[in-house]
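In my numbering, the protein residues as written are 15 to 136. Just so it is clear, CB atoms sit at the ideal spot from N, CA and C, and this is done for glycine as well. Being a predicted model, the structure only gives us computed values, none of them experimental. Accompanying notes for the structure given below.
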Amino acid sequence: MKILIVDDSSTMRRIIGNVVMQLGFTKEDFDEAEDGVKAWKLLSESKYDIILTDWNMPNMNGLELVKKTRSEGNHQKTPIIMITTEGGKGEVITALKAGVNNYIVKPFSAEVLKEKLDGVLK
15 MKILIVDDSS TMRRIIGNVV MQLGFTKEDF DEAEDGVKAW KLLSESKYDI ILTDWNMPNM
75 NGLELVKKTR SEGNHQKTPI IMITTEGGKG EVITALKAGV NNYIVKPFSA EVLKEKLDGV
135 LK
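The following block contains the structure:
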């Protein structure tokens, strides 16, 4: 299983990576990108089983990345979980309409991430 973690905060990427490893994955199971542009480059070069992305990032934000992923390339069906501070009902609806499979509001617990991952991988 290959996971792509996209967040402009290196601290948040490390936190998500640590949670993913607590769930039984290894460091080799995931790649990281600090914005949508770098994520898109990785997506065009490799196969991923799930994408975990922030919303607010420079260059290409998470919502733009979701829309691009759903409309072109090889990852149109890849599960995407948005992990963001944007917790308003409007933002959640916008993200779901754009094609995210699930949504987590920061801060979050390892249990919440595990639950959402299990949900999209089943």
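Reference residue i; option with closest CA among the options
i	options	result
G102	P93, K82, W69	W69
R84	L18, I29, M71, K111	K111
N155	L56, M15, N88, V80	With the chain running from 15 to 136 in the structure shown, residue 155 is simply not present.
D45	K61, G38, V134	K61
I17	I107, P72, H89, N75	H89
K41	I19, F122, E59, L77	I19
N73	I118, M15, D21, A109	D21
G113	M15, E125, L77, K120	L77
F39	N75, I64, S123	I64
E86	K128, W54, S123	W54
Residue i classed as buried or exposed, judged by whether at least 16 other C-beta atoms fall within 10 angstroms
i	result
R27	buried
T25	exposed
K130	buried
N97	Here residue 97 is Ile; the residue named in the question, Asn, does not match the sequence. Its Cβ being crowded by 16 or more others within 10 Å, I97 is buried.
M35	exposed
T99	exposed
I107	exposed
M71	buried
G133	exposed
Residues that DSSP places opposite residue i in a beta bridge
i	result
A53	Paired residues: none, contrary to the question.
Y117	M96
Exercise. Any contact of the segment 87-98 with the segment 32-49, i.e. 3+ C-beta pairs under 8 Å?
Worked result: no
Exercise. In chain order, which continuous runs of the beta strand (DSSP E) of length 3 or greater are located wholly inside the segment 17-69?
Worked result: 17-20, 44-47, 64-67
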